[in-house]
Amino acid sequence: EDQVTQSPEALRLQEGESSSLNCSYTVSGLRGLFWYRQDPGKGPEFLFTLYSAGEEKEKERLKATLTKKESFLHITAPKPEDSATYLCAVQAADNFNKFYFGSGTKLNVKP
Amino acid sequence: GAVVSQHPSRVICKSGTSVKIECRSLDFQATTMFWYRQFPKQSLMLMATSNEGSKATYEQGVEKDKFLINHASLTLSTLTVTSAHPEDSSFYICSARAGQGRQPQHFGDGTRLSIL
Numbered sequence: 050e051d052q053v054t055q056s057p058e059a060l061r062l063q064e065g066e067s068s069s070l071n072c073s074y075t076v077s078g079l080r081g082l083f084w085y086r087q088d089p090g091k092g093p094e095f096l097f098t099l100y101s102a103g104e105e106k107e108k109e110r111l112k113a114t115l116t117k118k119e120s121f122l123h124i125t126a127p128k129p130e131d132s133a134t135y136l137c138a139v140q141a142a143d144n145f146n147k148f149y150f151g152s153g154t155k156l157n158v159k160p
Numbered sequence: 165g166a167v168v169s170q171h172p173s174r175v176i177c178k179s180g181t182s183v184k185i186e187c188r189s190l191d192f193q194a195t196t197m198f199w200y201r202q203f204p205k206q207s208l209m210l211m212a213t214s215n216e217g218s219k220a221t222y223e224q225g226v227e228k229d230k231f232l233i234n235h236a237s238l239t240l241s242t243l244t245v246t247s248a249h250p251e252d253s254s255f256y257i258c259s260a261r262a263g264q265g266r267q268p269q270h271f272g273d274g275t276r277l278s279i280l
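Heads up: the sequence lines are chains L and F, in that order. With my numbering, letter number 90 in the first sequence gets 139, and the count goes up by one each step, no holes. With my numbering, letter number 32 in the second sequence gets 196, and the count goes up by one each step, no holes.
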């Protein structure tokens with residue numbers, strides 16, 4: 050069964066304390082993996098797309114990496130404004146309109 | 165780029181009312197639009213997928229006659245919650261994507277629907 054699992058469910062960090070969020074997936078074929086940020090009461094905001102194992106993408110303090118089984122979102126020296134829920138989604142190769150979303154990691158960065 | 169506008173952002177209405185939510189892609193043509201429902205502290209639950217000019221594909225358990233979806237143009241999709249009841253209260257989010265390849269979905273800011 051195709052599915053996406055994110056861990057941890059919640060993460061509390063001190064400002065400047067780097068860490069990583071995990072997105073594990075089991076999909077018969079991967080077309081793409083997407084990371085989103087969602088603030089309370091808002092829709093998800095697109096961050097990155099990763100297509101193949103070994104690929105990396107960076108944006109400010111965020112860096113996303115991809116292997117054949119999982120993706121990591123590394124947060125370097127986070128700031129309080131990085132607090133949000135981070136969602137990952139996997140697009141299946143056999144149906145380009147089929148996206149599997151994880152349940153998200155709620156990140157709280159304390160000043 | 166890739167801006168999706170959803171309107172209204174919040175609706176409060178009486179039980180039995182029908183409510184229409186609009187989703188517009190402002191700076192790109194959306195071949196496909198998606199409608200989600202999100203419960204507190206939970207992830208997105210896909211309700212339906214719609215392609216411009218064709219009927220929406222609903223997920224299992226989603227009532228087609230309850231949640232009417234229209235995707236009449238490449239920039240506009242609407243979701244109408246018919247005869248809404250308190251159990252329909254939720255956060256509804258639309259997304260849109262251009263093309264049919266590896267493009268990501270771009271989301272609107274959601275509509276908070278409260279049925280009294």
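We put the CB at the ideal spot given by N, CA and C, even for glycine.
Listed by chain order, chain L residues near residue i by CB distance under 8 Å
i, result
"F:Thr-196", "Asn-146"
Pairwise C-alpha distance: residue j and residue i
i, j, result
"F:Lys-178", "F:His-249", "8 Å"
"L:Leu-122", "F:Ile-185", "33 Å"
"F:Gln-224", "L:Leu-70", "31 Å"
"L:Leu-115", "L:Ser-132", "22 Å"
"F:Tyr-222", "F:Gly-272", "19 Å"
"L:Asn-144", "L:Arg-80", "9 Å"
"F:Ala-166", "F:Phe-192", "6 Å"
"F:Met-211", "L:Asp-88", "21 Å"
"L:Glu-50", "F:Thr-196", "25 Å"
Interface flag, residue i vs chain L, CB-CB below 7 Å
i, result
"F:Ile-257", "yes"
"F:Leu-208", "yes"
"F:His-270", "yes"
Below-7 Å beta-carbon distance, residue i vs any chain F residue
i, result
"L:Pro-93", "yes"
"L:Ser-67", "no"
"L:Lys-81", "Strictly speaking, residue 81 of chain L in this sequence is Gly, with Lys absent from that position. Yes, L:Gly-81 counts as interfacial toward chain F."
Under 7 Å from the C-beta of residue i: neighbouring residues of chain L
i, result
"F:Gln-191", "Residue identity differs from the one stated: residue 191 of chain F is Asp in this sequence, not Gln. Result: empty, since nearest Cβ-Cβ is about 14 Å, beyond 7 Å."
"F:Asp-273", "Lys-91, Gly-92"
Interface residues of chain L facing residue i [CB-CB closer than 9 Å]
i, result
"F:Thr-213", "Asn-146, Lys-147"
Proximal chain C residues relative to residue i, where beta-carbon distance stays under 9 Å
i, result
"F:Gln-264", "The structure shown contains no chain C; its protein chains are L and F."
Amino acids of chain F, ordered along the chain, whose beta-carbon sits closer than 8 Å to that of residue i
i, result
"L:Tyr-100", "Arg-266"
"L:Ser-152", "Gln-206, Ser-207"
- Task: Could I get the ranges of all uninterrupted beta strand (DSSP E) runs contained in the region 183–244 of chain F, with 3 residues as the minimum, in chain order?
- Result: 183–189, 196–202, 208–215, 231–237
- Item | Within 8 Å of chain F by C-beta, residues of the region 126–147 of chain L in sequence order | Leu-136, Ala-138, Gln-140, Phe-145, Asn-146
- If you scan the region 70–140 of chain L from start to end, which runs of the beta strand (DSSP E) of 3 or more residues do you find wholly inside it? 79–87, 94–99, 105–108, 111–115, 119–124
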